[in-house]
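Following: one structure in structure tokens, then a few remarks.
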Amino acid sequence: QKEVEQDPGPLSVPEGAIVSLNCTYSNSAFQYFMWYRQYSRKGPELLMYTYSSGNKEDGRFTAQVDKSSKYISLFIRDSQPSDSATYLCAMRREYNYGQNFVFGPGTRLSVLP
Amino acid sequence: KAGVTQTPRYLIKTRGQQVTLSCSPISGHRSVSWYQQTPGQGLQFLFEYFSETQRNKGNFPGRFSGRQFSNSRSEMNVSTLELGDSALYLCASSLYSKETQYFGPGTRLLVL
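From first to last, the protein sequence lines are chains A and H.
Sequential numbering of the first sequence, starting at -6, is according to our numbering.
Sequential numbering of the second sequence, starting at 10, is according to our numbering.
This is the structure:
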């Protein structure tokens, strides 16, 4: 079993839809959670960074963390064609053990005009 | 503040050759990590450097190596290239080892 699981998609939605992207993880040592957006042929761009369980909002983006269920989500409201990209979840352990950051495989999102 | 820069952006090599990729982190960042990204495997961690010392290493063969200079700039080297080394190589920098990482645009390597 991989440490971080993420549905690779592709996910296609119409413009204006609410998008829900999710990751599950198996290691309770993960304490910090991030979402990155990666456009084709570009490096990942940090979108959201959160530590505690609960919600964190930034514009049209909301990150949700449920540590008890080992489940994180990213919601995109009023999705735009410019949101079409691959979304990667990432997690970091509290202690320094091997690789600090572990990434999900990414979900490819297409927002259709 | 300038972001992470990587050079070259694109590279074509043949099997058996070696290649050196360069990464300049965000000013003030002392930690640099390298990742290999392929469609099938996603982001795979190569190694992390902090203050010129390798802190962590992923599960890659010894053909993959790296170093960090006193100005935090980092290089990675791949010797005896194989077709399977074709990938996007990403560099990420952070202030300290466990801080949030910021990625560069990557170097796309094609091995023929």
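Think of the CB as a built atom: it goes at the ideal place given N, C-alpha and C, for glycine as much as any other residue.
These numbers come from a predicted model, not from an experiment.
| Check | Outcome |
| --- | --- |
| DSSP three-state assignment for H:G93, whether helix, strand or coil | helix |
| 8 Å Cβ cut-off: residues of chain C touching H:Y111 | Looking at the structure shown, chain C is missing, and the protein chains on hand are A and H. |
| Three-state class that DSSP yields for A:D71 in the structure shown | coil |
| Proximity of H:S81 and H:H38 at Cβ, strictly below 8 Å | yes |
| Closest by C-alpha distance to A:S62, when choosing among A:G2, A:C16, A:P7 | A:C16 |
| Cβ contact check for the stretch 67 to 82 of chain H and the stretch 107 to 119 of chain H: 3 or more pairs under 8 Å | no |
| Every unbroken beta strand (DSSP E) within the stretch 2 to 85 of chain A, with a cutoff of 3 residues, ordered by chain | 4 to 7, 12 to 18, 23 to 31, 38 to 43, 47 to 51, 54 to 59, 64 to 69 |
| Spatial distance of H:R18 from H:Q45 (CA atoms) | 14 Å |
| Of the residues A:G9, A:P3, A:Y18, the one placed nearest A:Q(-6), counting alpha carbons only | A:Y18 |
| When A:E8, A:N20, A:L4, A:M84 are compared against A:P106, the one with the closest alpha-carbon | A:E8 |
| Own chain partners of A:Y32 with C-beta closer than 6 Å, once the 5 adjacent residues on each side are dropped | A78 |
| Per DSSP, cross-strand counterpart(s) of H:Q50 | Beta-bridge pairing links H:Q50 to no other residue. |
| Cutoff 7 Å; reference H:Q53; Cβ partners in own chain excluding five residues on either side | Y44, Q45, G67 |
| Contacts around A:Q57, its chain only, beta-carbon distance under 6 Å, and the 5 residues preceding and following it disregarded | N48, S66 |
| Separation of A:F54 from A:R70, as counted between CA atoms | 7 Å |
| Cβ neighbour criterion (16 or more within 10 Å) applied to A:T100 | buried |
| Range of the contiguous beta strand (DSSP E) that encloses A:Q(-1) | -3 to -1 |
| Candidates H:S42, H:G93, H:D94, H:Q50, of which the one nearest H:R64 by Cα | H:S42 |
| Alpha-carbon spacing of A:F68 relative to H:M85, whole angstroms | 36 Å |
| Nearest-angstrom Cα separation, counted from A:Q73 out to H:V87 | 40 Å |
| Residue of H:L55, H:G25, H:L99 minimising C-alpha distance to H:E91 | H:G25 |
| Under 7 Å from the C-beta of H:P114: neighbouring residues of chain A | K35, G36 |
| Contact with chain H by A:Y42, beta-carbon distance below 8 Å | yes |
| Supposed close pair H:V13, H:L118 - CB separation, criterion 8 Å | Contact doesn't hold; Cβ gap of about 17 Å is too wide. |
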